[in-house]
Each structure stands twice: as structure tokens, then as C-alpha cells.
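Chemist:
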Amino acid sequence: MIMATLFTPLSFSEEQADFKKVGEARMEYLFWDVYDATLYTPSGTYKQGVHPVKFTLTYLRDFAAKDIVKATKEQWQHLGKSDLSAKYADKLLVLWPNIKKGESLSLQTSPSGEAIFYHNDKKLGEITDSQFANQFLAIWLSPNTSEPALRKQLLGN
Numbered sequence: 001m002i003m004a005t006l007f008t009p010l011s012f013s014e015e016q017a018d019f020k021k022v023g024e025a026r027m028e029y030l031f032w033d034v035y036d037a038t039l040y041t042p043s044g045t046y047k048q049g050v051h052p053v054k055f056t057l058t059y060l061r062d063f064a065a066k067d068i069v070k071a072t073k074e075q076w077q078h079l080g081k082s083d084l085s086a087k088y089a090d091k092l093l094v095l096w097p098n099i100k101k102g103e104s105l106s107l108q109t110s111p112s113g114e115a116i117f118y119h120n121d122k123k124l125g126e127i128t129d130s131q132f133a134n135q136f137l138a139i140w141l142s143p144n145t146s147e148p149a150l151r152k153q154l155l156g157n
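Using the UniProt record's numbering, the final residue of the sequence shown is 157, and nothing's skipped along the way.
Next comes the structure, spelled out in C-alpha cells:
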């Protein structure tokens with residue numbers, strides 16, 4: 001059963017990390033505001049593959065979970081990582097709720113890179129595959145992202 005492997009407890013305290021903002025940006029598509037994204041780390045600077053990290057999307061429109069997963073899959077495809085869709089899409093669809101305007105979806109990683117998702121600061125569950133968090137964050141933070149201006153702002157540049 002997917003729930004048994006997906007929602008196993010992590011061995012770190014979620015309150016351990018004291019996060020500082022690295023950067024923030026607004027995602028716009030055509031003439032719609034989609035979400036505000038904010039990246040945090042304990043040091044206030046981001047280095048790829050270094051954890052813990054907190055990444056929050058505050059949505060500026062209503063979205064069905066299936067549409068957020070679809071957009072995630074499209075971004076992985078853009079990055080040449082289509083195999084991640086087959087590996088994670090169903091897990092994300094189970095994990096993520098439908099989102100209303102003004103609500104947030106956050107990813108926080110453990111020091112070893114395990115992923116915990118939150119909806120409005122309420123814990124949803126984990127993905128304990130240590131590769132997932134880096135692959136998910138790559139959507140916004142990879143040099144090959146589809147949104148380089150957003151990446152630059154998130155990285156505080």
C-alpha cells in the first residue's frame with residue numbers, strides 16, 4: 001500500500017532548523033498571477049544538494065491537486081527527467097490537496113534530504129527517497145529551469 005511506504009516517520013525534529021529567507025519571486029503565466037514562491041535555508045544562502053531547505057508556494061488562484069501534479073510532470077519533462085513522473089506523480093496526487101487562493105504548499109527537507117510536505121503549515125506527509133527533494137526543487141532552482149528569472153530571484157540575485 002502506498003501510504004505505508006510514503007508516511008513513515010522521519011528521524012529529525014521538524015523544529016530543529018531555524019530558516020532564513022534566501023529569496024522570493026512571483027510566478028506569472030501570461031497575465032495571471034499563479035503563486036508566490038519563497039526559498040529558505042538555515043544560512044540564508046542556497047547551495048544545490050545541501051539540506052535542510054524550506055520552499056513555500058503561496059497560491060494566488062485555486063488549483064486542483066491533479067493540475068499541480070500535471071504542472072510538476074511538465075516541468076520534469078522540460079528538465080529531461082520524465083522518468084520522475086512515473087516514479088512520483090501518483091504519490092504526489094495522494095499527498096497534495098486541492099488548493100484555494102491564499103493557501104500554501106511547502107516542502108521542508110531533513111538534514112539528509114528527506115521531504116516533508118505541508119499545506120498551510122499542517123503536515124501532509126513525507127517522501128523518504130532522499131533523491132526526491134533535489135529533483136523537486138530542480139523545477140525552480142536548476143540552471144535549466146523553464147523560469148530563469150524566477151530562479152534568479154529565489155536565489156537572492
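Beta carbons are placed, not taken as given, at the ideal position from N, Cα and C, and that holds for glycine.
The model shown is predicted, which means the values in this text are computed figures rather than measured ones.
Could you give the DSSP three-state label for V22: helix, strand or coil?
Modeler: It is a strand residue.
Chemist: Taking the DSSP output, what are the residues bridged to E74?
Modeler: Beta-bridge pairing links E74 to no other residue.
Chemist: Scan the segment 79 to 140 and note each continuous beta strand (DSSP E) run of 3 residues or more that stays entirely inside, going in chain order.
Modeler: 104 to 109, 115 to 119, 122 to 127, all fully within the segment 79 to 140.
Chemist: Tell me which same chain residues have a C-beta within less than 6 Å of the C-beta of H78, skipping the five on either side of it?
Modeler: Same-chain partners within the cutoff: S146.
Chemist: With DSSP collapsed to three states, give me the class of D36.
Modeler: Note: D36 maps to strand in three-state DSSP.
Chemist: Using a threshold of 8 Å, state whether the C-beta atoms of L154 and A37 are closer than that.
Modeler: The answer is yes: Cβ separation under 8 Å.
Chemist: Do you know offhand how far E15's Cα is from E24's?
Modeler: Because the pLDDT at E15 is just 47, under 50, the model does not fix this residue reliably, and the point stays unresolved.
Chemist: Considering only DSSP beta bridges, list what Y59 is partnered with.
Modeler: Y59 is bridged to Y35.
Chemist: Nearest-angstrom Cα distance between L107 and Y118?
Modeler: Going from the Cα of L107 to the Cα of Y118 covers about 6 Å.
Chemist: So S85 and K73 are supposed to be a Cβ contact under 8 Å. How far apart are they, rounded?
Modeler: With 8 Å as the limit, S85 and K73 qualify as a contact, their Cβ atoms being about 4 Å apart.
Chemist: Identify the continuous alpha helix (DSSP H) that holds K152 and give its terminal residues.
Modeler: Element bounds for K152: 148 to 154.
Chemist: Can you list, in chain order, the residues of its chain whose CB lies under 8 Å from that of T109, leaving out five sequence neighbours each side?
Modeler: Around T109: H51, P52, V53, K54, A115, I116, A133.
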